[in-house]
Amino acid sequence: MRALSPLAIIAVWQSVSVIGWLPQDVLAPPSRVLSTLGSLISDGTLTTALSVSVQRAGFGFALGSLIALGAALPVGLTRTGEAIIDPPMQMLRTLPLLGLVPLFIVWFGIGEAPKILLVALGVCVPLYLNAVGALRSIDPDLYELADALDLTAWQRFRHVIIPGALPGTLVGVRQALAFAWLALIVAEQMSATAGLGFMINNARDFMQTDTIVVGLLTYAALGLITDAAVRVAERRALRWRTEGTSR
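So for the sequence shown, this note's numbering puts the first residue at 1; every next one is plus one.
See below:
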């Protein structure tokens with residue numbers, strides 16, 4: 001049943017294009033989009049662009065995650081960390097990504113650095129907020145139990161903090177991945193010479209709406225695939241919770 005509405009939209013889209021109500025220079029029909037997809041794959045254009053974009057997103061996600069988790073630990077576990085680190089992170093949350101593009105170009109030029117940093121910024125804030133919330137929601141009784149068992153700092157971190165904060169942090173990872181692809185779309189508008197954004201911009205200059213749609217659908221597919229991967233990892237990582245409640 002869930003597939004009926006998308007199929008209906010595609011059918012209507014194709015019909016109005018064939019009839020002529022929707023000019024192809026405004027939006028190419030699905031049949032032409034599918035044909036263009038095959039051509040872009042066969043000549044290597046899409047795979048090359050996809051490889052570049054995935055690398056940018058991967059580096060940006062890794063950097064943003066490192067910053068977010070590195071900031072979240074002291075903020076979520078200590079009052080001193082909260083007083084020092086949380087205010088600038090909250091200020092960072094209010095900054096619009098689009099507004100930072102000109103400043104990033106001035107600071108870092110038009111190479112790969114501003115693109116990766118923009119993705120990292122898009123990842124950092126949602127992951128930080130969720131990780132902090134997860135750390136603060138750990139049951140205080142678990143800390144008391146750790147004290148009673150005289151656990152070392154590493155044992156406390158491994159057996160109390162990580163399991164307690166993991167569910168909320170994984171929610172943040174899913175949100176961060178969604179923001180990573182959104183930030184990548186913005187980043188690849190900055191004088192890119194390769195990647196999905198470059199492919200879309202080049203198609204725009206020649207009014208190739210079929211290629212533009214292929215690029216947008218590829219972005220969407222990347223978002224869905226990474227979200228599904230995190231869902232699978234989340235189920236496996238938190239399997240102990242369901243096993244514990246079923247006993």
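Cβ coordinates follow ideal geometry from the N, Cα and C atoms, glycine included. Values in this document were obtained by computation on a predicted structure and should not be read as measured data.
Cβ distance (whole Å) where residue i is taken to contact residue j below 8 Å
| i | j | result |
| --- | --- | --- |
| V119 | L184 | 5 Å |
| M207 | V101 | About 25 Å; that fails the 8 Å criterion. |
| V123 | S65 | 6 Å |
| P29 | W13 | 7 Å |
Alpha-carbon spacing of residue i relative to residue j, whole angstroms
| i | j | result |
| --- | --- | --- |
| L46 | F61 | 22 Å |
| L97 | S137 | 29 Å |
| L34 | D210 | 8 Å |
| P126 | V18 | 43 Å |
| L224 | W181 | 10 Å |
| V114 | A72 | In the sequence under discussion, the amino acid at residue 114 is Pro, which differs from the Val named in the question. Spanning the two alpha carbons is a distance of roughly 24 Å. |
| S31 | A178 | 28 Å |
| A237 | A220 | 26 Å |
| A187 | L40 | 22 Å |
| A203 | P87 | 43 Å |
| T245 | R239 | Low confidence applies to T245: its pLDDT is 47, below 50, so where it sits in the model is not reliable, and the reading given next is rough at best. Those two C-alpha atoms are separated by around 10 Å. |
Residue i - DSSP class collapsed to helix/strand/coil
| i | result |
| --- | --- |
| D139 | coil |
| P29 | coil |
| A194 | coil |
| F206 | coil |
| D150 | coil |
| T245 | Because T245 carries a pLDDT of 47, less than 50, the predicted location of this residue cannot be relied on, and the following value inherits that uncertainty. Reduced to three states, the DSSP call for T245 is helix. |
| E144 | helix |
| E188 | coil |
| P167 | helix |
| G44 | coil |
| Q24 | coil |
| L182 | helix |
| L238 | coil |
Segment limits, alpha helix (DSSP H) that includes residue i
| i | result |
| --- | --- |
| F157 | First-last for F157: undefined, no H or E at that position. |
| Q14 | 4-19 |
Ignoring anything shorter than 4 residues or poking outside the stretch 53-135, list the alpha helix (DSSP H) runs there in chain order.
79-93, 97-108
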